[in-house]
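Quick note, the sequences are listed as chains A and B, same order. Be aware that the first sequence starts at 5, since it is given in my numbering, and climbs by one per residue. Be aware that the second sequence starts at 506, since it is given in my numbering, and climbs by one per residue. Data block below; observations after.
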Amino acid sequence: MASIPILKEREKHIYRKGAEPFNLTCGHHSLAGVVSQRACVFCGSRVVLYPIADALHLIHGPVGCAAYTWDIRGALSSGPELHRLSFTTDLREKDVIFGGEKKLHRALVELIDTYQPRAAFVYSTCIVGIIGDDVAAVCRQVSREKAIPVLPVHSEGFKGTKKDGYKAACEALFKLVGQGPVDQISPWSINILGEFNIGGEAWIIKSYYEKMGVEVVATMTGDGRVDAIRRSHGAALNVVQCSGAMTTLADMMQARYGTPYIRVSYFGLEDTSKALYDVAAHFKDNPAIMARTQALVRGEISAIFPELQKIKAAVQGKRAAIYVGGAFKAFSLIKALRYLGMDVVLVGSQTGNDADYETLRDMCDDGTIILDDANPLELSKYIIEKRADLFIGGVKERPIAYKMGIGFCDHNHERKTPLAGYEGMLNFAREVYRSVNSPVWRFAPARAAAGKGASPC
Amino acid sequence: MLLRHTTTEIKDRTALTVNPAKTCQPIGAMYAALGIHGCMPHSHGSQGCYAYHRSALTRHYKEPVIAATSAFTEGASVFGGQANLMQAIDNIFSVYNPDVIAVHTTCLSETIGDDIPQIVNKAMAEGRVPAGKYVIHANTPSYAGSHITGFAGMTKAMVDYFAETASARTKTVNLIPGFVEPSDMAEIRRMAAEMGLETIMFPDTSGVLNGPMTGKYRMYPPGGVTVEALRRTGSSLGTVALGHLASGDAARALDVKCKVPCQILDLPIGLGATDRFVDTLHRMAGVNVPDSLTFERGQMVDIIADMHQYFYNKRVGLVGDPDQLLALTKFLVSLDMAPVYLVTGTSAGKKFEKHLRAAVAGVPHEVQIKVGGDMHLFHQWIKQAPVDLLIGNSYVKYIAHDEDIPYVRHGFPILDRVGHSYFPTVGYRGGMRLLEKILDALLDRKDRDATDITFELVM
């Protein structure tokens, strides 16, 4: 494996901390023929908007784009479940030749009549961009006919990367913002942005803010509701997690409505506490909020501290590799893993930018490998070289880790327990412990041969 | 009630698919290509396509799934994808060093009109394809067919590109297994081996997508049909193709190209179809059916006899791909069960529908069939008159959950259980496993619903 060649163009996307001057290339479109782990514009838009549970999500395109995104991400809803169904115009050859606008119109009318959604999102796919359907015009027409917002999402797959999909989603969302009444909203109020309620995470975070005495106007988009988004411009502050996905919307709201925003992460004790304190500090005209926040943080941490210490003792010194979508998540993961006494030996992202990678470089220890838009061969090469015990990634990385005989933790679509907030940190620590110390790795041939298969547990 | 949004009233839908019972062609082509040893499937389209296909296959097989992409940008979509494919061929051979690159198209590259053979020829003329290495292709626009026809297309490409005509016939029999699990492919090969046959199976994903944990990540696991074997398919005694839709095209192409006669059969799911498969091998190769297979068959019949009272007249709803749906329906009818709702997402044609209707002609219930249907319609039928058992892929679990109906997972994709890639449902042994699964589902329900008084130990 160590002899696996690295493509010359790829060398600039790989950095070994301490060994070479820092000059990591990123933000590029992936090379043709490279087995990247990245996705497309449509994917970006779909993951951001899909948790809005009382909206209709219609995919204008061939069946695949709908089939592959049918309820794959456990974005939970406390009410309607309309978002968990899969609606598509299922474009066929004759639609490609004659255009799909009429079909789209019929599909929209039928769906809106049947389900009475609060709004509809229409996602454009590659093919729609090529055949030139005027999706915006159809949406305007149906919006007039049915008197609900029908919003085109310009998410043609080939028009960029997943990041461009986030932007297209934010642009669609922004059309809803500013449409609802704001007179009942507290001066100490926020919107939660970039939180998708995977495993119920948004509920945990919302409960913290409620205990602090801060009103949450809209959660975007986890357990999202159209009416809440329509009045979200009435909030005093936007609190943005997953900056890659939702900063565009925060910027737009700041420009039009003067809503300030802060960037936060709810992953790990340190970042969660900082997020809550930052919000409390923003409302300094109400010192009671800060007092309640201090009590909350104290209470939450002391509740989980004893078990965290036990887990820490069991995972201390283990080596972790991280490969995630956005770099911002990697920052939090590094901190959380360090809290558990683990070493981060590899860290990479699909969509990080220059500033992100500089931060990563500053955070990492000497010898840590930093990767932009990596492929499975590179990942496996460095996992072996660095003798990682745990891999944190998404669906495509999981079986790679398992084949190599190391633990895995999904920090992406497929996490089943909430990993956000304090109880999320405890869940994360348990998951890391469970996987890293699983007795199954003792049966992994390569590691057993290397004399490091027998993890104490 | 996840599907609380399913309305009971059925309206004719022409513009809309709700909860699809199929997916697009390229993923089928990718799955078939993974059944060639040392092959890199390549998606000629934008990056999302192959990311989705790899994720979907990974979720189903719980194995690393390798593929490359032309990574179309806006430029490629305007000026054509030739430059991308050229660069991809260069990069793939220099970094990942496969024996074969299997290119499939997407809706994007088909619509802009990229001519893959022309681009590949240019690449070969320019020396971009190293000696002894190959680039093959199948046209798989997502707006036509389904994952099954995509699989059929790439399987046919194996014949088109590799099969060689020979002056003398060997005693080898070609086996085309259809879009089935790696475990099914291994079982089909095992049965032929029991009969003492030399076979070439293509594609063959056993050992590729159900491999062992070795402590190493291997881009090209040991399984898969080799290029050398694919060449020899042209000199084989005959071809047995399983599944008309998934395997028929390749079998006929081999007949036309190399004059290898073919028998196109149902998938060997259930007693009758397995008998026909065994009998076809027996007649084609002139070999006897060994006692070992007769023994397995007898065991399967024994299970059915032991438990036949539990199958009788049970109403079953099935969603599946055409070849599976037809074979399963015939199997259930032979068990005296009543398949009453049959949906496949693939538009498999009038002839297929006729066969399906013939299979349920004797079922003493009103039977609903929709070829080119979706799960929404299937659910609406169930709301109108319920069934005792559901069989289908993981998406059927929503309906099973909402309507509280016993459910057996079968088909593609299965995203929430393991076993399908290791244990077959074809052949006599696979049939026994299916019987076990069906009985477990029915009898577990009987136990669950029993009162203390009616709860029984012996069943």
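Idealized CB from N, CA, C, for every residue including glycine.
CB contact below 9 Å: residue i versus chain B
{"i": "residue 37/A", "result": "yes"}
{"i": "residue 315/A", "result": "no"}
{"i": "residue 94/A", "result": "yes"}
{"i": "residue 15/A", "result": "no"}
{"i": "residue 119/A", "result": "yes"}
{"i": "residue 447/A", "result": "yes"}
{"i": "residue 458/A", "result": "With a pLDDT of 40 at residue 458/A, under the threshold of 50, the predicted position of this residue should be treated as unreliable, and no value is reported."}
{"i": "residue 419/A", "result": "no"}
{"i": "residue 99/A", "result": "yes"}
{"i": "residue 225/A", "result": "no"}
{"i": "residue 46/A", "result": "yes"}
{"i": "residue 355/A", "result": "no"}
{"i": "residue 73/A", "result": "yes"}
{"i": "residue 5/A", "result": "For residue 5/A, the predicted structure reports a pLDDT of 39, less than 50, and the residue's modelled location is therefore unreliable. A value from the coordinates is still provided. Closer than 9 Å: yes."}
{"i": "residue 246/A", "result": "no"}
Residue i versus residue j: straight-line alpha-carbon distance, rounded
{"i": "residue 294/A", "j": "residue 219/A", "result": "14 Å"}
{"i": "residue 546/B", "j": "residue 646/B", "result": "15 Å"}
{"i": "residue 961/B", "j": "residue 604/B", "result": "59 Å"}
{"i": "residue 461/A", "j": "residue 560/B", "result": "Confidence at residue 461/A is low in this model, with a pLDDT of 32, below 50, so the placement of that residue should be treated as unreliable; the coordinate-derived value is given next. Approximately 32 Å, taken between the alpha carbons."}
{"i": "residue 530/B", "j": "residue 195/A", "result": "41 Å"}
{"i": "residue 585/B", "j": "residue 627/B", "result": "15 Å"}
{"i": "residue 85/A", "j": "residue 700/B", "result": "53 Å"}
{"i": "residue 642/B", "j": "residue 737/B", "result": "20 Å"}
{"i": "residue 853/B", "j": "residue 263/A", "result": "55 Å"}
{"i": "residue 44/A", "j": "residue 332/A", "result": "19 Å"}
{"i": "residue 456/A", "j": "residue 446/A", "result": "Interpretation of residue 456/A is limited by its pLDDT of 49, a score under 50 that renders its predicted location unreliable; the figure taken from the coordinates is listed afterwards. Rounded to the nearest angstrom, the two C-alpha atoms are 8 Å apart."}
{"i": "residue 804/B", "j": "residue 598/B", "result": "50 Å"}
{"i": "residue 276/A", "j": "residue 204/A", "result": "16 Å"}
{"i": "residue 644/B", "j": "residue 768/B", "result": "25 Å"}
{"i": "residue 15/A", "j": "residue 366/A", "result": "20 Å"}
Identified DSSP bridge partners for residue i
{"i": "residue 3/A", "result": "The structure shown does not extend to residue 3/A, since chain A is modelled only from 5 to 461, so the question has no answer here."}
{"i": "residue 768/B", "result": "745/B"}
{"i": "residue 522/B", "result": "92/A"}
{"i": "residue 61/A", "result": "125/A"}
{"i": "residue 224/A", "result": "197/A"}
{"i": "residue 79/A", "result": "202/A"}
{"i": "residue 347/A", "result": "323/A"}
{"i": "residue 514/B", "result": "Residue 514/B pairs with nothing; no bridge assigned."}
{"i": "residue 846/B", "result": "822/B and 873/B"}
{"i": "residue 267/A", "result": "244/A"}
Interface flag, residue i vs chain A, CB-CB below 9 Å
{"i": "residue 577/B", "result": "yes"}
{"i": "residue 544/B", "result": "no"}
{"i": "residue 552/B", "result": "yes"}
{"i": "residue 516/B", "result": "yes"}
{"i": "residue 716/B", "result": "yes"}
{"i": "residue 806/B", "result": "no"}
{"i": "residue 830/B", "result": "no"}
{"i": "residue 619/B", "result": "no"}
{"i": "residue 912/B", "result": "no"}
{"i": "residue 547/B", "result": "yes"}
{"i": "residue 657/B", "result": "no"}
{"i": "residue 793/B", "result": "no"}
{"i": "residue 595/B", "result": "yes"}
{"i": "residue 524/B", "result": "yes"}
Residue range of the beta strand (DSSP E) that includes residue i
{"i": "residue 822/B", "result": "820 to 824"}
{"i": "residue 242/A", "result": "241 to 244"}
{"i": "residue 964/B", "result": "Segment: none, residue 964/B is in no beta strand (DSSP E) and carries neither H nor E."}
{"i": "residue 531/B", "result": "Note, residue 531/B: premise wrong, no beta strand (DSSP E); alpha helix (DSSP H) at 530 to 538."}
Residue range of the alpha helix (DSSP H) that includes residue i
{"i": "residue 212/A", "result": "205 to 216"}
{"i": "residue 563/B", "result": "552 to 566"}
Residue i CB to nearest heavy atom of the ligand ZN below 8 Å
{"i": "residue 264/A", "result": "As for the ligand ZN, it is missing from this structure, which has no ligand bound."}
Worksheet item: Of all the beta strand (DSSP E) runs that stay within the bounds of the stretch 582 to 663 of chain B, which reach a length of 3 or more residues?
Response: As far as the stretch 582 to 663 of chain B is concerned, its whole beta strand (DSSP E) runs of at least 3 residues are 605 to 610 and 639 to 643.
Item to complete: Quick one: which unbroken beta strand (DSSP E) runs of 3-plus residues sit fully inside the stretch 353 to 418 of chain A? Chain order, please.
Response: Complete beta strand (DSSP E) runs here, min 3: 373 to 376, 394 to 397 and 411 to 414.
Discussion item. As an exercise, report each continuous alpha helix (DSSP H) stretch of at least 4 residues that is fully enclosed by the stretch 848 to 913 of chain B, in chain order.
Written reply: As summarised for the stretch 848 to 913 of chain B, the continuous alpha helix (DSSP H) elements at least 4 residues long and confined to that stretch are 855 to 864, 880 to 889 and 901 to 908, given in chain order.
Item to complete: With 7 Å as the C-beta to C-beta threshold (strictly closer), list the residues of the stretch 694 to 726 of chain B near chain D in chain order.
Response: Among the chains of the structure shown, chain D does not appear; the protein chains present are A and B.
Practice prompt. Could you pull out every unbroken alpha helix (DSSP H) segment of at least 4 residues lying fully inside the stretch 673 to 714 of chain B, listed in chain order?
Written response: Those alpha helix (DSSP H) runs which fall completely within the stretch 673 to 714 of chain B and span 4+ residues are 687 to 699.
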